[in-house]
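Some notes on the structure that comes next.
Residue numbers (our numbering): 338 to 1025.
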């Protein structure tokens, strides 16, 4: 303490009080960092809008600002959907409209249940403003501070008191239901959560608490949540996760057609939202998980081309070391690649497999093994024996590849009409039962084929591929009556199936002989409890569509005007940096300058935009690309490299393709400095 006092007085010198005042000024955050503290760095930095498709939530507060109240209630609805990033954005907007709005900070803390450090910081902010809140709100603030300090029992105890003290506050009941549902490990707790959710639904039948009920009954007793599955997406149509959660229940109940519709709605809603807020796919919570589930649902419902479209989109999506890498586990690439391989192989789409531009995945031996097995089988199945041998040679070099090698050699033997070897190899290949059944049928082993086909249909009920296989094998075995029976089971399952798929196309003649000529697909099973839904196409695009880049027309240090239009037809990297005084920014600009020749060789241009005025830009050292001045920050704002809440510029890195689309982007409180990664990713994206 003495050392601090002495140093402070030593700073007074001849300037007296003025110098002391400067010494006591708070340290200014680094460029791009929030003035309100580090916890604000990673959250949303652009303003919120009142969205369509958000349910009306009744959560009265003490704010006098009507707009702040609307954004607050929107945030609460988004919390119920686990749409935490957007919920935090809504709460930040509420706080921006009413700086003394303590419950807005409660909301920010509640939106960070997956990040206790940030939650604690926001909870403490709410506590600072607690005196401005009414007693009921103070109960919420006290509760969230217990949560922020990892005192879960006290958190639940305080929520219980809120429910007891304010029995008409259904949001208190909903908050308690959520916390108990997270810990519903036994039947008494499940029963309590169910009772609480029913109390909320009695007051508001379309409350997004349907989401919690789905989690509560998602294995076992899935049928308990069927009513909520019908209503979840409709309760909060703007939220992709609410649509996705329906698919959990439908999939567990083996209603794969309904699951595909729900997961498709989820994907389309996500893609529409990305276009509005200008972000890349994997910045969305659970995005890759939702879409790989959609691809699988399309596979189950006999729609391999749509399954492939989704899988290819996942593999093609922008890569980012923080969000999406092929070597990772939860991003688009790592979720899409297995779906792509599986769909091509199970549906025997051999020509499509051979024309697919696969990446070699040395970091994931299982994927590489599956890739080579697929390509080897495809080559031999289409008579390309030399190519098949090439893939087989590569495959034999891999560890634990015995089964995969046997599968490829089986197709090689089939191509030589060597049935005996093919049969032995098939024994060792370990293929899915429905696929092995078709190969046994090809070998003339009818009994084995029929046993396998029956087992496949039994073990994977209500899926088109095994059921269609059973129909085909039954027909080939001369069992016409049973063929008719199993075809009738298949027809509603295949309501949306693609009839040009090889296996399903082969069933056309079978269906005709069974008295169902032409399009033999049936209508999907009706559910009298299901509600009408919006047209699926109205929710957004099925795949991610890169947004159009905003305009850019600025002067360099010499007064020369440069526009993005000058680069029409050419890809451009656009860097937004916070001026020469920002050391990290200059690290970024220098890093890209060091790689500029590599960019030039592959035809990619670079532009840098600084917040410095023109005269300061002119003083900068020469870079191998134009540096443009944007002191009024209008271009920063239009490109969303800007914090709307604190009126400050942010770092930004963008790839604009020759058609003017934003194919890759990174914005935030820190610059993206890995110029080599961006170069590689730009080349990959531009080839697609």
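Using N, Cα and C, we set each Cβ at its ideal position, and we do this for glycine too.
With a threshold of 6 Å on Cβ separation, who are the neighbours of residue i within its own chain once the five nearest residues in sequence on each side are excluded?
i	result
residue 546	511, 534 and 537
residue 983	372
residue 413	394 and 396
residue 701	none
residue 358	Low confidence applies to residue 358: its pLDDT is 35, below 50, so where it sits in the model is not reliable enough to give any reading.
residue 794	803, 804 and 807
residue 554	561 and 562
residue 388	575
residue 433	982
residue 352	The pLDDT assigned to residue 352 is 34, lower than 50, so where the model puts this residue is not dependable; a value taken from the coordinates is nonetheless given after this. The answer is none, since no qualifying residue turns up.
residue 335	No information on residue 335 is available, as it lies outside the stretch 338 to 1025 that the chain covers here.
residue 515	549
Below 8 Å CB to CB, which residues in the same chain sit around residue i once its five sequence neighbours on both sides are set aside?
i	result
residue 986	369, 913, 915, 948, 970, 973, 978, 979 and 980
residue 885	997, 998 and 999
Quick check: the Cα distance between residue i and residue j, rounded to an integer number of angstroms?
i	j	result
residue 491	residue 460	15 Å
residue 838	residue 686	8 Å
residue 440	residue 377	17 Å
residue 341	residue 988	Interpretation of residue 341 is limited by its pLDDT of 35, a score under 50 that renders its predicted location unreliable; no figure is taken from the coordinates.
residue 805	residue 587	21 Å
residue 849	residue 871	35 Å
residue 610	residue 579	14 Å
residue 475	residue 465	11 Å
residue 362	residue 458	Residue placement at residue 362 cannot be trusted, given a pLDDT of 48 that sits under 50; what the coordinates show is reported in the next sentence. For residue 362 and residue 458, the distance between alpha carbons rounds to 22 Å.
residue 696	residue 881	20 Å
residue 902	residue 938	21 Å
residue 753	residue 786	21 Å
residue 391	residue 869	18 Å
residue 530	residue 520	10 Å
residue 995	residue 958	29 Å
residue 678	residue 732	15 Å
residue 909	residue 382	25 Å
residue 1033	residue 517	What the structure shows of the chain is the stretch from 338 to 1025, and residue 1033 is not part of that stretch, so it cannot be assessed.
residue 637	residue 676	12 Å
residue 757	residue 764	11 Å
residue 734	residue 836	38 Å
residue 420	residue 887	27 Å
residue 1000	residue 976	13 Å
residue 990	residue 942	13 Å
Nearest CA to the CA of residue i: which residue from the options?
i	options	result
residue 607	876, 945, 1006 and 802	876
residue 782	861, 600 and 814	814
residue 922	975, 884, 1005 and 951	1005
residue 544	455, 477, 675 and 411	411
residue 462	472, 450, 451 and 481	481
residue 816	843, 800, 966 and 784	784
residue 857	975, 878, 829 and 551	829
residue 634	621, 604, 618 and 654	604
residue 834	684, 447, 960 and 907	684
residue 542	658, 526 and 568	568
residue 407	862, 431 and 548	431
residue 689	671, 658 and 645	645
residue 789	775, 801 and 799	775
residue 967	946, 953 and 960	946
residue 1015	964, 930, 854 and 956	930
residue 442	418, 640, 417 and 477	477
residue 452	926, 955, 597 and 485	485
Name the DSSP bridge partner or partners of residue i?
i	result
residue 910	943 and 992
residue 885	998
residue 534	According to DSSP, which records beta bridges pairwise, residue 534 is partnered with nothing at all.
residue 1004	989
residue 899	891
Skipping 5 residues on each side, what residues in its chain have a beta carbon closer than 7 Å to that of residue i?
i	result
residue 820	808, 811, 812, 847 and 851
residue 556	589
residue 1023	908 and 994
field: Length at least 4, wholly inside the segment 415-500: the alpha helix (DSSP H) runs in chain order
entry: Uninterrupted alpha helix (DSSP H) stretches at least 4 residues long and entirely within the segment 415-500 occur at 421-434, 439-447, 453-465 and 472-485, given in chain order.
message: Runs of 3 residues minimum, wholly inside the segment 912-996: which ones carry the beta strand (DSSP E) assignment?
response: Fully enclosed beta strand (DSSP E) runs of no fewer than 3 residues occupy 942-947, 964-966 and 988-993 of the segment 912-996, in order along the chain.
query: Whole alpha helix (DSSP H) runs in the segment 625-695 with 4 or more residues, listed along the chain?
result: Entirely contained in the segment 625-695, the alpha helix (DSSP H) runs reaching 4 residues are, in chain order, 641-653, 669-683 and 687-692.
field: Segments of 4+ residues assigned as alpha helix (DSSP H) that fall wholly inside the segment 731-765
entry: With a minimum length of 4 residues, the unbroken runs of alpha helix (DSSP H) contained wholly in the segment 731-765 fall at 739-752.
- prompt: What are the uninterrupted segments assigned as alpha helix (DSSP H) that are 4 or more residues long and contained completely in the segment 518-564, given in chain order?
  reply: With a minimum length of 4 residues, the continuous alpha helix (DSSP H) runs that stay inside the segment 518-564 are 524-540 and 547-554.
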